[in-house]
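A short worksheet on the structure shown next.
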């Protein structure tokens, strides 16, 4: 591992639900896209669910906490709120017109559409 | 009691280390304050941003520099 300083605020942290459906995996892909583009930083929702203090405190120091849920079960939203963190930006993929199913051959068009929608949310003043 | 200051050693980490020393001095308690700069140990705490402070293995803050007064509250609560 390279010696890289972590001493910079993760201004925007992104929590995808990464659930077991096309929409859950689109959420994950979107978070990876946003991280690779330098828009935000993919954070580990499982770590928040496990109440790992280091992860919770790392997220707490962020200016924006983005939750991307695949569907209206809202697992990411509920997990983050259960840990006492406040979501600033929220996207529910099924509410964006993408139907939930078990086809894991993800549509890149759908992924890029949700990337665009998430960026639109982030463009709003909070 | 052991306080760990977790970070790669940049000025923010040094500032947090100084704040921890100040807190310990002002409370006049026997507390070991150590710097942890090993990235693997930092990652083992699940940290995704630093500097961070852990007291007896419990992360209290990450990605910010708590003031001595805040650190004193954590020490006193132990």
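Residue numbers (this note's numbering), protein chains in the order written: chain A, -2 to 123; chain B, 372 to 449. We put the beta carbon where it would ideally sit given N, CA and C, even for glycine. These figures come from a predicted structure and were not determined experimentally.
Tell me which residue opens and which closes the alpha helix (DSSP H) that residue 99 of chain A is part of.
Neither: residue 99 of chain A is in no alpha helix (DSSP H) and is coded neither H nor E.
Mapping the DSSP letters down to three states, classify residue 436 of chain B as helix, strand or coil.
coil
Strictly below 9 Å CB to CB, what residues from chain A border residue 407 of chain B?
The contacting residues do not exist; residue 407 of chain B stays about 12 Å from chain A at best.
Could one say the Cβ of residue 15 of chain A lies closer than 8 Å to chain B's Cβ atoms, at least one of them?
no
Give, in chain order, every unbroken run of the alpha helix (DSSP H) that is at least 4 residues long and sits entirely within the stretch 44 to 84 of chain A.
50 to 57, 72 to 79
Check this for me: beta carbons of residue 111 of chain A and residue 27 of chain A, under 8 Å apart or not?
yes
So the candidates are A:30, A:12, A:14; which of them puts its Cα closest to the Cα of residue 105 of chain A?
A:30
Could you work out which residue in A:90, A:52, A:23, A:120 is closest to residue 76 of chain A when comparing CA atoms only?
A:52
Do residue 390 of chain B and residue 442 of chain B have their C-beta atoms closer together than 8 Å?
yes
Just list the residues that DSSP pairs residue 13 of chain A with in beta bridges.
A:65
DSSP state of residue 38 of chain A mapped onto helix, strand, coil:
strand
Can you name the start and end residues of the beta strand (DSSP E) that residue 426 of chain B belongs to?
423 to 426
Tell me where the beta strand (DSSP E) around residue 409 of chain B begins and ends.
Looking at the DSSP string, residue 409 of chain B is not in any beta strand (DSSP E), and its letter there is neither H nor E.
Let me see if you follow: with CB-CB separation under 8 Å, is residue 77 of chain A close to chain B or not?
no
Using 8 Å as the limit for Cβ to Cβ distance, is residue 37 of chain A near chain B?
no
Hey, out of A:79, A:115, A:22, whose CA is closest to residue 99 of chain A's CA?
A:22
Report back the beta-carbon spacing between residue 426 of chain B and residue 372 of chain B to the nearest angstrom; my notes put them in contact at under 8 Å.
7 Å
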